[in-house]
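These notes are about the structure you will find just below.
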Amino acid sequence: APTCVVPCGGNLTERRGTILSPGFPEPYLNSLNCVWKIVVPEGAGIQIQVISFVTEQNWDSLEVFDGADNTVTMLGSFSGTTVPALLNSTSNQLYLHFYSDISVSAAGFHLEYKTVGLSSCPEPAVPSNGVKTGERYLVNDVVSFQCEPGYALQGHAHISCMPGTVRRWNYPPPLCIAQCGGTVEEMEGVILSPGFPGNYPSNMDCSWKIALPVGFGAHIQFLNFSTEPNHDYIEIRNGPYETSRMMGRFSGNELPSSLLSTSHETTVYFHSDHSQNRPGFKLEYQ
1 APTCVVPCGG NLTERRGTIL SPGFPEPYLN SLNCVWKIVV PEGAGIQIQV ISFVTEQNWD
61 SLEVFDGADN TVTMLGSFSG TTVPALLNST SNQLYLHFYS DISVSAAGFH LEYKTVGLSS
121 CPEPAVPSNG VKTGERYLVN DVVSFQCEPG YALQGHAHIS CMPGTVRRWN YPPPLCIAQC
181 GGTVEEMEGV ILSPGFPGNY PSNMDCSWKI ALPVGFGAHI QFLNFSTEPN HDYIEIRNGP
241 YETSRMMGRF SGNELPSSLL STSHETTVYF HSDHSQNRPG FKLEYQ
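In UniProt numbering, the protein residues as written are 1 to 286.
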């Protein structure tokens, strides 16, 4: 006659199911080494409910891993009667490993699992003048941010969705800011007046240095230009110093013509006074 046995391990792909220690409800045998793998549809999670659990304390253990194999994070190693009522995965796979030693056995365990929706973090805001990479917002997922050329990232370039009862990111999304001054060393780049494309603030004195390798000069081209005539101006100097030869001083609304510096270091200086703020400038160099 056929008999029903409880297998030592197996692959479980149903949306819900039962895992029993071999021989349950009779005590399990000694020297067991059983592996169960649970796989549910992509995007879902797994919740295990512990119905009963008794093993030989410290020697006969059930290890639960949060993923496809035993190299991922362990949710816990359980023996004796100490086991949480519920175990939750952060992905669509769990790996369970039960082993018993050569002596003393106990009643073993009865587990039920079911498929659950994985709760996700709220969609993070994309910074103005920036881009976001990463479309998944589940636990431990990472989203990255980058700023458009000329903007500096303020905050954290990478944020991750934290485990825990409330789904939230470990940092707020960053901002992309057009800063007052700095050094640019890339072979081509963009320099923006502070606050661009909004109006620049009053009373600014900003100095940028374009530092290229020796033997290279910078070709500078303005894409946008609007300042308070005479009072708010930009100066471009052929060299790293305030005393280096001035190549041009520009003010007002007329787009300046392009410039070529003959030094590998070029200084861009911007001044605004106490009144009348405008959008300022955007220039490209290469």
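Note that the Cβ used here is the ideal one computed from N, Cα and C, for glycine as well.
If you draw a straight line from the Cα of N92 to the Cα of E14, it comes to about 12 angstroms. The Cβ atoms of L175 and H110 lie no closer than 8 angstroms to each other. The residue from P2, I234 and S244 with its alpha-carbon nearest to that of K282 is I234. Contact between Y95 and A68 holds, with the beta-carbon distance rounding to 6 angstroms and staying under 8 angstroms. C34 is classed as buried because its beta carbon has at least 16 other beta carbons within 10 Å across all chains shown. Secondary structure remark: continuous beta strand (DSSP E) runs of at least 3 residues inside the UniProt domain "CUB" (180-286), in chain order: 182-184, 189-192, 205-211, 219-226, 233-237, 246-251, 265-271 and 280-285. Taking all protein chains in view, the Cβ of S128 is surrounded by fewer than 16 other Cβ atoms within 10 Å, so the residue is classified as exposed. A check of alpha carbon separations from E185 across F24, F216 and E26 identifies F216 as the nearest.
Taken atom to atom, the span from the alpha-carbon of P256 to that of F222 is near 6 angstroms.
Apart from sequence neighbours up to five positions away, the residues of its chain that approach C8 with a beta-carbon distance below 7 angstroms are P22, L32 and C34, ordered along the chain. Pairing G17 with Y113 gives a Cβ-Cβ distance under 8 angstroms.
Distance from the CA atom of V83 to the CA atom of S103, rounded to whole angstroms, is 22 angstroms. Assignment of E63 by DSSP, reduced to helix, strand and coil, places it in the strand class. Cβ-Cβ distances below 6 angstroms link L75 to V64, D66 and L87 in the same chain, with the five nearest sequence neighbours on each side left out; the list follows chain order.
By the criterion of a C-beta distance shorter than 6 angstroms, G108 is surrounded in its chain by S21, F24 and Y28, once the five residues flanking it on both sides are discounted. Taking C-beta atoms as the reference points, S77 and S61 count as a pair closer than 8 angstroms. Beta bridge pairing from DSSP links Q49 with L86 and E112. A straight-line Cα-Cα distance of about 19 angstroms links L12 and V72.
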